[in-house]
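Sequences listed follow chains R and W, in order.
For what it's worth, my numbering labels the leading residue of the first sequence as 1, then goes sequentially.
For what it's worth, my numbering labels the leading residue of the second sequence as 1001, then goes sequentially.
One structure below.
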Amino acid sequence: GQQVMQIPQYQHVQEGEDFTTYCNSSTTLSNIQWYKQRPGGHPVFLIQLVKSGEVKKQKRLTFQFGEAKKNSSLHITATQTTDVGTYFCAGRGSNYQLIWGAGTKLIIKP
Amino acid sequence: DSGVTQTPKHLITATGQRVTLRCSPRSGDLSVYWYQQSLDQGLQFLIQYYNGEERAKGNILERFSAQQFPDLHSELNLSSLELGDSALYFCASTSSGANVLTFGAGSRLTVL
């Protein structure tokens, strides 16, 4: 079946360092969404990418959708403590169902 | 407040028991999704309803069932509970034309 692989599972960074998480799909996606789940919280929608090669920015967050619409990335510049949480990608597959990545947990080193 | 209401917030029960989790979607949203999230794990899709009808099924166990009522609220029934069913159960809703899921705060189930 359709799968979305998300790596890494965890990323430990010093505050101020950058963070990147990657998602790769086994099949072409119609769109991809990103969600953030704070510790103890629920997933919250961040953004949706639809077009091949699309790049969107939200302040220090940069989201990319690959040319083949099979991969996507989220890059955070100069992480802050408020960025802590788990970032999930979710791709819309051919049957219109959302296929979720396993998430990448961003941990700020003390 | 996301507009999606889930009750109860916390539930502790024993193995073999049955529980019901309830979800009220955002006003106007017709579609309801149920997800299971075990400790520090990803989101496992269980089932989706649209306007009272089952739309899609994920990895939902036979011991689990769900329904969506005419007023659009949904219930997830978990029976013959096992220790491994301990998890956060999230409900999410979308409007008819939208892609984006709005999640509730979740129901944390602990099976002892």
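By construction, the Cβ of each residue, glycine as well, lies at the ideal position given by its N, Cα and C atoms.
Please read all numbers here as calculations on a predicted model, not as lab measurements.
Quick one: does residue i have its CB under 9 angstroms from some CB of chain W?
i, result
"VAL13(R)", "no"
"PHE65(R)", "no"
"TYR35(R)", "yes"
"PHE88(R)", "yes"
Residues of chain W with CB closer than 8 angstroms to the CB of residue i, please, in chain order.
i, result
"ASN31(R)", "ASN1099"
"ARG92(R)", "ASN1099"
What residues of chain R sit near residue i, judged by a beta carbon separation below 9 angstroms?
i, result
"GLY1106(W)", "GLY41, HIS42"
Suppose you measure from the CA of residue i to the CA of residue j; what does that come to, to the nearest Å?
i, j, result
"VAL1111(W)", "SER1074(W)", "22 angstroms"
"ILE1012(W)", "GLY1104(W)", "19 angstroms"
"VAL4(R)", "TRP1034(W)", "19 angstroms"
"LYS56(R)", "LEU49(R)", "8 angstroms"
"SER26(R)", "GLN2(R)", "6 angstroms"
"LYS105(R)", "SER1027(W)", "32 angstroms"
"GLU1054(W)", "ILE99(R)", "18 angstroms"
"GLN1037(W)", "ARG1018(W)", "19 angstroms"
"ARG38(R)", "LEU1021(W)", "22 angstroms"
"TRP34(R)", "GLN14(R)", "23 angstroms"
"LEU1101(W)", "ILE32(R)", "12 angstroms"
"GLY1083(W)", "PHE19(R)", "A small correction: the amino acid at residue 1083(W) is Leu; Gly does not occupy that position in the sequence shown. Going by the C-alpha atoms only, they are around 36 angstroms apart."
Which residues of chain W have a Cβ atom closer than 9 angstroms to the Cβ of residue i, listed in chain order?
i, result
"PHE45(R)", "VAL1100, LEU1101, THR1102, PHE1103"
At 7 angstroms on the CB atoms, spell out the chain R contacts of residue i, in chain order.
i, result
"ALA1056(W)", "GLN97"
"GLY1028(W)", "In chain order: nothing, as chain R lies at least about 17 angstroms away."
In chain W, which residues lie with their C-beta within 7 angstroms of the C-beta of residue i?
i, result
"GLN48(R)", "ASN1099, VAL1100"
"GLY103(R)", "GLY1042"
Answer yes or no: does any C-beta atom of chain R fall closer than 9 angstroms to that of residue i?
i, result
"GLN1048(W)", "yes"
"SER1095(W)", "no"
"SER1038(W)", "no"
"PHE1069(W)", "no"
"PHE1064(W)", "no"
"ALA1092(W)", "yes"
Among residues of its own chain, excluding the 5 on either side of residue i, which ones have a beta-carbon nearer than 6 angstroms to its beta-carbon?
i, result
"ALA102(R)", "GLN6"
"LYS36(R)", "VAL44, LEU46, GLY85, TYR87"
"GLY1058(W)", "PHE1045, LEU1046"
"SER1065(W)", "ASN1077"
If contacts are defined as beta-carbon pairs under 8 angstroms, then residue i and residue j qualify, I think. What distance do you get, rounded to the angstrom?
i, j, result
"SER1107(W)", "GLN1006(W)", "5 angstroms"
"GLY16(R)", "THR79(R)", "7 angstroms"
"ALA1014(W)", "GLN97(R)", "That pair is no contact at about 34 angstroms."
Output needed for residue i: all residues of its chain with C-beta closer than 7 angstroms, excluding positions within five of it in sequence on either side, in chain order.
i, result
"ALA1087(W)", "GLN1036, GLN1037, SER1038, LEU1109"
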